[in-house]
Amino acid sequence: MNLTWFYDEAGDAVQAEKDSDGDGRTDTWFYYSKGHITKVEEDTNGDGKPDVWEEYDSSETLVRRLKDFNFDGKPDAEEKFDVKTEIEAAARGQKKGNSKRGE
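For the sequence shown, our numbering begins at 478 and goes up steadily by one.
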């Protein structure tokens, strides 16, 4: 695994690129703002172009994921993550998408 960092003039990280399989090609791109991750893009099929895009909020919590299943460079599916809703469901003993009858 190789990880290359890029910094702005102030020395703050703005981007990192990862080659996770050692083939010499970047397959994951990390983007930062003010020291916090803002988005991640991933190439899952090895064509050098991202086909998964993730967006993070200011607390670095994943809030949205887009996926390109046919590898045409355009998202085919979107997932949105609502941390508050998931925490409340966990507190009630439920997983997202599952519900008990009568509730």
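Every residue, glycine too, gets a C-beta built ideally from N, C-alpha and C.
Considering only Thr481, Asp545, Glu532, Gly488, the residue with the shortest C-alpha distance to Thr521 is Asp545. In terms of Cβ geometry, Thr481 and Glu494 form a close pair [threshold 8 Å].
Here DSSP, grouped into helix, strand and coil, assigns Thr521 to coil. DSSP places Phe558 outside both helix and strand once states are collapsed to three, so it counts as coil.
The beta-carbon distance between Glu531 and Val517, rounded to whole angstroms, is 4 Å. This is short enough to meet the 8 Å contact definition. Its chain contains His513, Ile514, Thr515, Lys516, Val517, Leu539, Val540 as the residues whose beta carbon lies nearer than 8 Å to that of Tyr533, once the 5 sequence neighbours on both sides are disregarded; these appear in chain order.
In this structure, the CA atom of Gly550 is about 18 Å from the CA atom of Phe507.
Taking the CA atoms as reference points, Ser510 sits about 24 Å from Pro552. When the beta-carbon positions are compared, Gly499 and Met478 come within less than 8 Å of each other.
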